[in-house]
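Residue numbers (UniProt numbering): 1 to 287.
Even glycine gets a Cβ: it sits at the ideal position worked out from N, Cα and C.
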Amino acid sequence: MDKSEKEDKEKELIENYVEKFRQELIVGGFSKRTLKMYLCYVGEFLNFIKKDPLKVERADIIKFMAHKVEQGASDSTLALVYSALRHFFKEFLRSDVMEEIKRPRKGKKLPVVMTKEEVKKILDVTKRKRDKLILMLLYSSGLRVSEVTKLKIKDLNLAEKTAMVRGGKGNKDRLVILSEQWVKEIKKYLASRKVKSEYVFCKGNGAPISVDSIQRMVRKARVKAGINKNITPHSFRHSFATHLLEAGESIRKIQELLGHSNLSTTQIYTKVSTEELKKVRSPLDNL
């Protein structure tokens, strides 16, 4: 067998494994995003080691993880790579090759949270009606940016000021609140919109707006507002949770609104919610 034939055979073997793994993930009910990421990293790993997966050793996985670190992969990316490989070997191939490999330690960073004044500044500099409504929704309802892009008109209950987010993280549905101000403005916007689309926010052809478009929108607004923080669409969600907590809202309710499976995920906002703490008077000042 010459080199070309060997490479073709390796490529075919990898494609077969990736396709069977894809089918397994679909049957397992994984979200489209998780499916895409898992297939991407498993495919990258198999092309990197160029080995039959059944012959993979612990050293091969360590080598690939080190390669990702050298590439500058973030903590969250490394954790995702680990999860993808662990599922591929443990659940799909029934191999124990990952057993002694520990999950990469993820550095805990406090989320970037805007002040109420900064939120107002960003909304004030955003003049296009559609874009302003998107940013208002991110902040007022705490949605993930991907959830905003998928939101359909039929999922809105404007009379009740609620919306149903379908297929969120973990492929779960949840109910979220809508602000009175947003409801009032979205009614006018949808009534005057000339483009026909089932999506609340769409492009000129009726297709849903992309995540990239919203990310660019936020970057542009941040610069225009003169804010130096590293604000992303997710910062609006962080600010939503933090400001509710500062207003005395129950952390359990915030957990439900955010769609967090574990309360510990929501509790990080208690570390950034400092406004109430600043109001506490030191006992020394009362002497």
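key: Straight-line gap, V280 to Y269 (C-alpha atoms, nearest Å)   = Summary for V280: the model assigns pLDDT 49, below 50, so the residue's position carries little reliability; its value from the coordinates is reported in the next sentence. One C-alpha to the other measures close to 19 Å.
ask   = How is K152 classed by DSSP in three states: helix, strand or coil?
value = strand
task = Reducing DSSP to helix, strand and coil, say where M65 ends up.
result = helix
inquiry  = Could you compute how far the alpha carbon of D8 sits from the alpha carbon of K50?
reply    = If I take the Cα positions, the gap works out to 11 Å.
inquiry  = Which of the three DSSP states is assigned to L175 in this structure?
reply    = In the structure shown, L175 adopts extended strand secondary structure according to DSSP, grouped into three states.
query = Residues in its own chain within less than 7 Å of H260 by CB, not counting five upstream and five downstream?
reply = T266
message = For L39 and F64, which I take to be in contact (beta-carbon distance under 8 Å), what is that distance rounded to the nearest angstrom?
response = So it is not a contact: roughly 16 Å between Cβ atoms.
query = Looking only at DSSP bridge pairs, what is T162 linked to?
reply = N157, I177
task = Measure the Cβ-Cβ separation of V176 and L257 and say whether it is below 8 Å.
result = yes
Cutoff 7 Å; reference H243; Cβ partners in own chain excluding five residues on either side = K116
message = Is the beta carbon of R252 closer than 8 Å to that of Y189?
response = no
message = Within a Cβ cutoff of 7 Å, which residues of the same chain sit near L13, ignoring the five residues on either side of it in sequence?
response = Hits under 7 Å: D52.
ask   = With 16 other CB atoms within 10 Å as the buried threshold, where does residue 310 fall?
value = There is no way to answer for residue 310, as the model of the chain reaches only from 1 to 287.
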